[in-house]
Each structure stands twice: as C-alpha cells, then as structure tokens.
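Below you'll find the structure, written out as structure tokens, and then a few comments.
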Amino acid sequence: MDQPVFIAGLGVISAIGNTVAQNRLSLEQEKTGIAPIQYLDTEHRDEFPVGEVKLSNDELAGLSGFKRGISRTAMLSLIAAREALTDTGITNLAGLRTGFISANTVGGMDKTENFFRDFLSDNTKGRLRNVVNHECGAITNLVADQLGIRHYVGTISTACSSSANAIMYGARLIKNNMLDVVIAGGTDALTRFTLNGFNTLMILDKQPCQPFDANRRGLNLGEGAGYVVLVSKRIVSALKKELYCSLSGYHNTNDAYHQTASSPEGTGSLLAMEGALKKSGLQTADIGYINLHGTGTQNNDSSEGAAIGKLFAGYSPKMSSTKAFTGHTLGASGGIEAVFSALAVQRGLLYPNLRFEKQMEGFPFTPETRFSMQPEIKHVLSNSFGFGGNCSSLIFSKL
Amino acid sequence: MDKLMADLKEQIIEQLNLQDVKPEDIGDDQPLFGDGLGLDSIDALELIVLLQQKYKVKLSNAEDGPKIFRSVRTIAEFIESNKIPNA
Amino acid sequence: MYIKAASNISPQNTFGNQPYLSELAEYTGEQLTCIEPEYKTLIDPKLIRRMSRIIKMGVATGMDCLHQAGINAPDAIITGTAYGCLADTNTFLSKMVQQNEDALSPTPFIQSTHNTISAQIALLLQCHQYNNTFVNGGASFENALLDAMMLLYEGTAANVLVGGIDEITANSHAILKRMGLYRRFPVSNFELLNIPGEGTMAGEGAAFFMLSQEASGNDWAKIEGVSSFYKPRSIAEIQQHINTFLLTRHIDINEIDLVITGNNGDLKNDTVYGQLQQYDFANIPAINYKALCGEYPTSSAFAMWLAAHEIKNGVCSFVPQSNQIPLKKVLIYNHYQNIHHSLILLSAC
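Residue numbers (UniProt numbering), protein chains in the order written: chain B, 1 to 399; chain W, 1 to 87; chain L, 1 to 349.
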C-alpha cells in the first residue's frame, strides 16, 4: 500500500511573481514582495506593509480567464493550479483518476465584505453574486470546473497549515489507490477580514517582517496560491517530463496548548517534524534544508525554534523562512512553500531569510542570509503551523 | 476611583463573558491573570479593546499588557493617568 | 470499521438519554432549529465563555461521543463543516464594516476559523494526534469520513472521532432565502415532503461518531464505505456511481434492506431521488430524513446517525411492512444542490 508519491508539476503565484520562474528569480535575486498596500481597499492602507500579488482584480481576471467579479481567491487559485497541471505535460486527463484538493481559509470573503456593506443596513440589499461563492468549498469548485476535474474535489481549512494538509491528504488518496493524479495545495487572497483579524491580535509588523530574528516584531500578511501535482508510480512512465522529487514524508499533529498561541516548547511542531521524519525513514542529519513556518511573530518563531533546537541538537541544519519574501499567505502558505521546497531539492537552491540580523536568544542556529546553490541537498523539510494548534510537516526528497 | 473600579468590574465581566462571576467577586487588587481570575492572552487583547472603546485610552504595545492589567486597580490607575483632561 | 458511539444535536430530541425519536418536533415556517442541551455540565466553563452556538454544539457532541465510547485519547479528530463558525464570522465582519475597521474585538475572529471545533476538542483532551477539517460544501462530512476511514485502513489510527457540523444564523438564512433555497409559504416539516414545491426548509446540526478498527462487541454498526462524486452530468452517471460503489464492495443492490435518501421537498432537487426510486431503489424500503433535520450541507451526518440507530435497533421503525426483516444493510444517498452527491453504506455488526 505504501507506494511512493512523486511531484510532477509546480504552479505558484505570490507577491514575488506570477509564475514559478518569476518566483524563483526573485528568490535568487533576493527581491522581496513586501510593500505598502496597493490593491486592498482598507483603512489600514498606510499602516501595514503586505505581500500582495502585484496585479489588480481586472488583471487577474484577464490572466485567469475568469469573468470579472469572481473572488480573488479563486483567480489566484486557477492561475497557479493551471500552471502546475500544464507543467506536468499531461494534456488529457481522461482515463486518469484526477483529484483537486485545494485549501483556503477566506473563501470568497473579499466579495462578501463588499456585500455586507449594503446588506447590513438592509438585508434585502447587496448583490447576491458577491456572496454566492462565500464558502471555502465554492472556491475549489469554481477552479475544478475550469480545470475540468470532476473525479474527486476536496477542500481543507486548518488555518495556516491548510495547504500542507491538502498535500498530505492528496498523497494519501494516491497511496490508497483512489487517485492517480492530484493537484494539491492552496490559495488565499488578502482581505480586510484577515488583515483586521490579525490586527486585533496585535501581531502585524508595521515594517517588513524579520522572521527568526531576535528583534522580530510580527508578521506581514501576504496572498497567493501554490500547488504541486502529485502522481502515482503507476503513471510516471507515461509522463514525458522529468519529475521534481518525491513527497517522502508528512505528519499532522495538534499542539493542544491554546486556540491561538503555540506552546513555548513547540510540542506540536516537534511531533509534526518527528512524525514526518519517521514516515520518510530519514534521520535528522539527512535534512539539507528546513523551510521554516517562520511567521515573524514572537510566539511562533520561539516555539518553532525550540522544537528545531531540540530535534536538530548537535547538527547544523540550513534553514530560512521565505515569508520574508511572500508574507504569510495563510491557507496558501503550505502550498507556496511546497513549490519552493520542491525546487530547492531538485535544483539545490538555498533561499535566504531576508532581513535577518540578530540570532534569537537560546536558538543555536543561524538562518541563511544569502541565496546559494547547494547541490548536495537531498531532503527538504517544510513546516506549516496554525491557529487551533494545527501543525503539519512535509518532506521532499531528491530522486 | 472607586466608581471607576466598580464600572470596570462590570465591563470586564461583560466584555470577557465571564460565566458565574459577579462584580463583587473581583477584588480591587486581585490578580486578573494566571491563578487569579484565570484570564489569558486573548483576554488581554479584549481588555485593550475595552479601554479603547469605553475610555478612549489606547495601548499601542501589547507587551505593556501584563503590567497594566495586573488588577482592576492598576487598570483604573492607567486610565486615570492617561485620560485626556476635560474630555 | 465500526461505529462505536454516536452523538447528535439536531432539531429533534436526539442528544443525551432520550428515547430514540419517540416524539418528533414539529416546525412550521422556514427552518428547523437545534434543540440544545444545558452545556455547563458538558464543557469546561472557562472555555465555554468564548464559544458561539455551533462551537458548543460541536464540542458537546464530540465530547459526548468520546464519553460514550469510553475513549479520552482518540488517534485523530476530524470535522466537516461547509460554512464553519458563521455566527463568529458574522460578528467580526459586521463590526468591521460598522466600526470602519477600528477597535475590533479579537475573540470572534479567533473563533471564526473553520478548524475551531476540532481544535477545541483537541485542547480539551490535550490530544496531540492527527487533526483535520474539511470545508467542502455538501461533501464536507463525506471528506472527513473518508479521511477517518483511510487513517484506520492505513493502520496509523485505531480510534477516530469524526463529525459533521453546520449552523443557521439569521443572516445566512436571509441570504440563502434570497437565493431561493427555502419555501416562500410556511409549511410544516411533517408536510414538507408530502407537498412538494419550490424550495425546502433550512436545517442545522452537529453529529459525531467514534470509529474503530476493531469490533468492541457493543458497536452500533459497521461502515462498509463512503463515496462522493461531483456534479454528475446525468442520471445514468449517478446510477453508474451507485453500481460501481456496490460492485467494488461485492454487494448486490437487492441485499440493501433500507435506503435513506436526502429528499428535501424541493421539486427540482428531488427529481434525482424520484428517478432512482422508480428504478434502482424500486424494490427497497426507503425513508427520508430531512423532515427531521432540514436541509444543510452536512446533513448526511444526521442521516448516518439515523442509519446507525436503525441498525442498532435491528428493525426499521419508519417502514411498517419491513418490521419483520432484520436490518442488515442500509444505504444513504444524498446530494446537496446537485453539486456534491454521496453514498454511505452501513451494515449490521
């Protein structure tokens, strides 16, 4: 039953580019996507920098092929999911048991916010078309219909670990011989709801964030979508393109400490990383690069740091948080970072932890500060942790 | 000051939806967090909102919370010392 | 795989030590509303103060289910909810608009995330195990159930807590009503399916199940399978799905003792069930369940509770002529707005 699962395609759109190639270039050139708010219509426009996708809704409609007025969450999703599917070289899905497992946390909230402005004063007002795709699942359906996928459609929402869980679930559907091909990952658009929500928690940085830095002040929100195409061994021979890597390990745990805060010792994170290592049959020393959850908040980074410090004690793993480039894209982050991780392991890319200055107290490791090529990287660990204590880790391995 | 503390107790119970707690159950100097009333970090954020809405007093740094929110008396003192005169 | 315990808060008297559907609750109008228990004895008061209605319903049924099963450390907690915590979402969104993004309270935002219920149960239990939440419209519960069954099959879990939860709020009801989901004229839930028309009645509920790989000798029923399919193009395609579903489980359709279908009284919605009842399900005793709980995306969790109960009792209490037949296999077929369709098959232990 435990057949391997391979990654055959990648697609991403984020603050640092609209394609995989553009994202990779920005990572290599150390070019951040964090900037003052340009597109989101909010009172906090000049207060918080964010990682917006640098396209207006009309431009995204043009690029995605969706008609105008569709939620930004769906448009971002379609652009990245289609890129991932195209990347595999699979042109005909007929005959392949194909699934689309997409995660998100906001659904069509960007449109619902507009609807509520009119609806709140008079509940017969407000355009229904703005609220018809409010549900998280509706976003997945919109994109599945455009991709022509009907065999299995699923949506997961576990806060900031959502799309890591979508990838894990997709891999298990393949291992259980239910599907041959799964486009798995997630999407989230920046919305007033999430910006204001994180603002009430007082964890937004008013400057570009500094993950894993002693002087970190909080996170920058971002937006985007990221998908990997998972394929079973059975169909690999039919693919004309070289595979990126395998998804060798994964694990999902719960910190069970607090609804929003992570435990000081990083119990959930540690269990997630240990579980993923066990699943892949690897040792701590085998991990060549850790793509940190690294949001830039005091709490996350010290908790994740404590877990890494314990698990990797005696080793010197290379690590960075790419959220300094993209911002924290919430339900999309596990998907976007899975794309970065797959590229890292295939090409030996080591991404910098931008703006890192000072080592965290009590944390024995220093994140990477410059981009470099490290062909010896064989295995990459990617962490995604979230509200509600949801912790998931994925491991990508060189073929 | 006594009036302010009495008001605060009622407002805290309402804002935090404390079950089965009456204003007289909260001592002026009783610790609100930890072993006292058992409040946590989310409650601290709620108290920040309370001060902003009811008393127009703004706490810009969440890290000041523990000191200010130690007891009803410390909150009242903070409000008194930050009130805009004649507002 | 076995259903070791089940717990259900619904518009009927289904929670706690109630005689099984002995007195049915009647609702006239547009919606059926959950009959809620006193939560204070069920949930820690320190946690309850932040919980909105759906969270209390979900956590109470989840905890009750664990209690019934005598398990306080499940190997996984999985939930399905289409809309998530709507009341909290509504509160935060409304205040954000009304207060122009200023001085907002964090609690409704924190509690609005879709994984709140599974997270709160984990927190109450101090359970570090697998924890997942599916938000897939009318297949949210089915996704969760499939995930649970895969975990048991993979051998990574022995006991999994799985539930389906959705709530109605005043605003969600007003919006869905404007979309034409509900009846324009008041009708009783007892008459809803007898007088077909345009629209249905809204419903809500929270139902949790304790699934185990091993039989305990005291289980409610066995789960033979779950399958969901998306936007079938024709009745033939639906029939094909049902056939394949049964075939892969080596079951002939005539072995099914009872079919539970998701008719909701809306003419367009019920066309599919009508066609299946005319052909595929023609010779099988059939009952509907939405007169009891109303229509909502995770209503199949209510249907599974009903099916498990019927099997546990051994005879179908709603079909007089089948009183003599011991109930061995029960098939649930439901679709939500013709988007997600699903099949769940239970059998006697």
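Where a beta carbon is used, it is the ideal one built from N, C-alpha and C, also for glycine.
For clarity, every value in this text was computed on a predicted model and none was experimentally measured.
Close Cβ partners of residue i (< 8 Å) along its chain, the five nearest in sequence each way excluded
i                 : result
ALA158 of chain L : ASP75, LEU152, SER212, GLN213 and GLU214
LYS279 of chain B : SER248, GLY249, TYR250, HIS251 and ILE395
ALA285 of chain B : TYR315
ALA44 of chain W  : PHE33, ALA62, GLY65, PRO66 and PHE69
Chain A within 8 Å of residue i, Cβ atoms only
i                : result
ALA73 of chain L : Of the chains in the structure shown, none is chain A; the protein chains are B, W and L.
Straight-line Cα distance separating residue j from residue i
i                 : j                 : result
ASN269 of chain L : GLN337 of chain L : 7 Å
SER320 of chain B : ALA62 of chain W  : 27 Å
PRO352 of chain B : SER372 of chain B : 8 Å
GLU223 of chain B : LEU201 of chain B : 19 Å
MET63 of chain L  : ILE121 of chain L : 7 Å
ASN72 of chain L  : ASN218 of chain L : 18 Å
SER232 of chain B : PHE325 of chain B : 32 Å
LEU123 of chain L : GLY62 of chain B  : 45 Å
ALA84 of chain B  : VAL380 of chain B : 20 Å
ILE42 of chain W  : PHE33 of chain W  : 11 Å
LEU86 of chain L  : THR366 of chain B : 42 Å
GLY281 of chain B : SER382 of chain B : 16 Å
TYR230 of chain L : GLU36 of chain L  : 33 Å
ARG370 of chain B : THR19 of chain B  : 22 Å
SER161 of chain B : PHE385 of chain B : 5 Å
ILE13 of chain W  : PRO31 of chain W  : 15 Å
ILE223 of chain L : LEU125 of chain L : 26 Å
GLY389 of chain B : ILE235 of chain L : 43 Å
Residue i classed as buried or exposed, judged by whether at least 16 other C-beta atoms fall within 10 angstroms
i                 : result
PHE78 of chain W  : buried
GLY265 of chain L : buried
LEU247 of chain L : exposed
LYS318 of chain B : buried
ALA87 of chain W  : Confidence in ALA87 of chain W is poor, its pLDDT being 46 and thus under 50, which makes the residue's placement too unreliable to answer from.
SER172 of chain L : buried
ASN17 of chain L  : exposed
MET1 of chain L   : buried
TYR279 of chain L : exposed
MET179 of chain L : exposed
SER216 of chain L : exposed
PRO264 of chain B : exposed
Contact set for residue i: own chain, Cβ-Cβ below 6 Å, skip 5 residues either direction
i                      : result
PHE115 of chain B      : GLY126, ASN130 and VAL131
residue 428 of chain B : The requested residue 428 of chain B is not part of the displayed model; chain B covers only 1 to 399.
THR133 of chain L      : THR79, HIS114, ASN115 and SER118
SER26 of chain B       : ILE16 and GLY17
ALA225 of chain B      : ILE13, LEU76, SER77, ALA80, THR187 and ALA332
ASP87 of chain B       : GLY9 and LEU10
ASP118 of chain B      : LYS125 and GLY126
ALA5 of chain L        : CYS65, GLN68, ALA69 and MET210
LEU55 of chain B       : none
Chain-order list of residues whose beta-carbon lies under 7 Å from that of residue i (same chain, five-residue window excluded)
i                 : result
MET5 of chain W   : ASP28, VAL72, ARG73 and ALA76
ILE110 of chain L : none
CYS34 of chain L  : ILE9, SER10, PRO11, MET57, GLU204 and GLY205
LEU399 of chain B : LEU243, CYS245 and SER246
Amino acids of chain L, ordered along the chain, whose beta-carbon sits closer than 7 Å to that of residue i
i                : result
VAL72 of chain W : Correct list: empty, because the minimum Cβ distance to chain L is about 18 Å.
ARG24 of chain B : The contacting residues do not exist; ARG24 of chain B stays about 31 Å from chain L at best.
7 Å Cβ cut-off: residues of chain B touching residue i
i                : result
LEU45 of chain W : THR200, LEU201 and MET202
ILE12 of chain W : Here the premise fails: no neighbours, minimum Cβ distance about 18 Å.
Where residue i meets chain L, residues with beta-carbon distance less than 8 Å
i                     : result
LEU59 of chain W      : Neighbours of LEU59 of chain W on chain L: none; closest Cβ ~12 Å, over 8 Å.
ASP20 of chain W      : PRO45
ASN82 of chain W      : Simply none; closest approach about 16 Å.
THR105 of chain B     : THR113 and HIS114
residue 88 of chain W : A query on residue 88 of chain W cannot be resolved here, the shown segment of chain W reaching from 1 to 87 and no further.
Interface partners of residue i on chain W, CB under 8 Å
i                 : result
ALA103 of chain L : VAL49, GLN52 and GLN53
ALA159 of chain B : Those do not exist, as ALA159 of chain B stays about 15 Å from chain W at its closest Cβ, beyond 8 Å.
THR322 of chain B : Here the premise fails: no neighbours, minimum Cβ distance about 26 Å.
Chain B contact residues for residue i, given Cβ-Cβ distances below 9 Å
i                : result
ALA62 of chain W : LEU201, MET202 and ILE203
Partners in chain W for residue i, counting only beta-carbon separations shorter than 7 Å
i                 : result
ALA261 of chain B : SER41
Contacts that residue i makes with chain B (C-beta to C-beta distance below 8 Å)
i                 : result
HIS335 of chain L : Going along chain B, no residue has its Cβ under 8 Å from HIS335 of chain L, so there is no contact; the nearest lies around 14 Å.
Restricting to runs no shorter than 3 residues, where is the beta strand (DSSP E) found entirely within the region 157 to 203 of chain L? 159 to 166
Length-filtered (3 minimum) beta strand (DSSP E) runs lying within the region 302 to 362 of chain B: 318 to 320
At which residue ranges does the region 30 to 103 of chain L contain complete beta strand (DSSP E) runs of 3 or more residues, listed in the order of the chain? 76 to 80
What are the complete alpha helix (DSSP H) segments, minimum 4 residues, inside the region 197 to 263 of chain L? 235 to 247
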